[in-house]
Amino acid sequence: MGLTTSQYFKEYGYCVVEEAFDARDVDLMCREAIDVCLGNRGFISRSPGSECRTVEDVNNNVIAVHFPHKVSDLFREYVAHESITRVLTEIIGPNVKCMQSMIFMKSRGSPGQAWHQDESFIPTADGSLVAAWIALDTATLDNGCLWVIPGSQKHRTLWDMRQHDDPRFDDAPETFGFPYDEDAGEPVEVERGSIVFFDGYLLHRSFPNRARAGYRRAYVNHYMSAESPLRWSGGNPRNLSDDYRDIVMVAGTDPRAECGVEDLSLPYYRTREPAA
10 MGLTTSQYFK
20 EYGYCVVEEA
30 FDARDVDLMC
40 REAIDVCLGN
50 RGFISRSPGS
60 ECRTVEDVNN
70 NVIAVHFPHK
80 VSDLFREYVA
90 HESITRVLTE
100 IIGPNVKCMQ
110 SMIFMKSRGS
120 PGQAWHQDES
130 FIPTADGSLV
140 AAWIALDTAT
150 LDNGCLWVIP
160 GSQKHRTLWD
170 MRQHDDPRFD
180 DAPETFGFPY
190 DEDAGEPVEV
200 ERGSIVFFDG
210 YLLHRSFPNR
220 ARAGYRRAYV
230 NHYMSAESPL
240 RWSGGNPRNL
250 SDDYRDIVMV
260 AGTDPRAECG
270 VEDLSLPYYR
280 TREPAA
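Residues 10 to 285 (the working numbering) make up the sequence shown, in order.
Right, here's the structure in full:
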């Protein structure tokens, strides 16, 4: 008898739900990402000189969009899609909240990300962080699919981080000092519309998009148990608190509802170079 989804996740730190979203859903998300970056869904921040004015600007220059669910009803709806919440309630528990959404565009030539653990960036009080990584394009070795070290989450250790100068990866810090070979890991190639769920302690990375054409886009949301406070800043040090409450409940009830909900995070995008 094979492992259940929750058993597989517990053993290896990740699991894949194939083709959870149909072609219509994925097409809608790809078009919506363009509209968000162009400001058609409300104000979105960006660095001075990096404003995207055309579809081509967005497709070719944007690396990532942060908190698109704050301005887009569509992305807000997909944060709590049944294909996601069904799995989350198995591996986290009945009460689940979301604190972050991101879109990775990854056009041809875009860098990957070095080894890291998501809990290093979003430190939950109870270690319940789970990412839901939705493939908006078929993710392959050529275009920069995810790589994971299966079982690395079992240590429940956040290893040290440092800056690096490896041109294959973006400027986010890398995790080092873990008890695995630097070239350890397995690729997670998935079809368009599939979801990769992975534990916040799982070591993972990706390589640049070296395909001759096309993108490796993904819509990624982060979730945790609503039973626990979230000691996070939402990427803004001024927001740091003992219980970050800019959240969306996606399953069950909020045991901490008396704390209220705040509007703290600002949607923004990052570009790899200023758009002309």
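Note that CB positions come from ideal geometry on N, CA and C, so glycine has one too.
Limits of the alpha helix (DSSP H) - the one that Asp-208 falls within:
Looking at the DSSP string, Asp-208 is not in any alpha helix (DSSP H); the run it does join, the beta strand (DSSP E), is 204–208.
According to DSSP, is Ser-161 part of a helix, a strand, or is it coil?
Here Ser-161 sits in helix by DSSP.
Inter-residue Cα distance where the pair is Ala-220 and Glu-198:
14 angstroms
Where does Asn-69 sit, in a helix, a strand or coil, going by DSSP?
Asn-69: helix per DSSP, three-state reduction.
Tell me the residue span of the alpha helix (DSSP H) that contains Met-38.
32–46
Boundaries of the beta strand (DSSP E) in which Tyr-228 is found, first to last residue
227–234
Please determine, among Met-258, Tyr-17, Asp-146 and Thr-94, the residue with the shortest C-alpha to C-alpha distance to Arg-33.
Asp-146
Based on the DSSP secondary-structure assignment, which residues constitute the bridge partners of His-213?
His-125 and Val-157
In or out: Ala-285 buried (at least 16 other Cβ within 10 Å) or exposed?
For Ala-285, the predicted model reports a pLDDT of 43, less than 50, meaning its position is unreliable; a value from the coordinates is still stated below. Counting Cβ neighbours within 10 Å, Ala-285 comes out exposed, since fewer than 16 surround it.
If you draw a straight line from the C-alpha of Val-257 to the C-alpha of Arg-117, how long is it?
33 angstroms
Return the CA-CA distance between Lys-163 and Val-45, expressed in angstroms with no decimal places.
Answer to the nearest angstrom: the Cα atoms are 37 angstroms apart.
Same chain, Cβ closer than 6 angstroms to Asp-263, five either side skipped, listed in chain order
Excluding sequence neighbours, Asp-263 sits near Ala-235.
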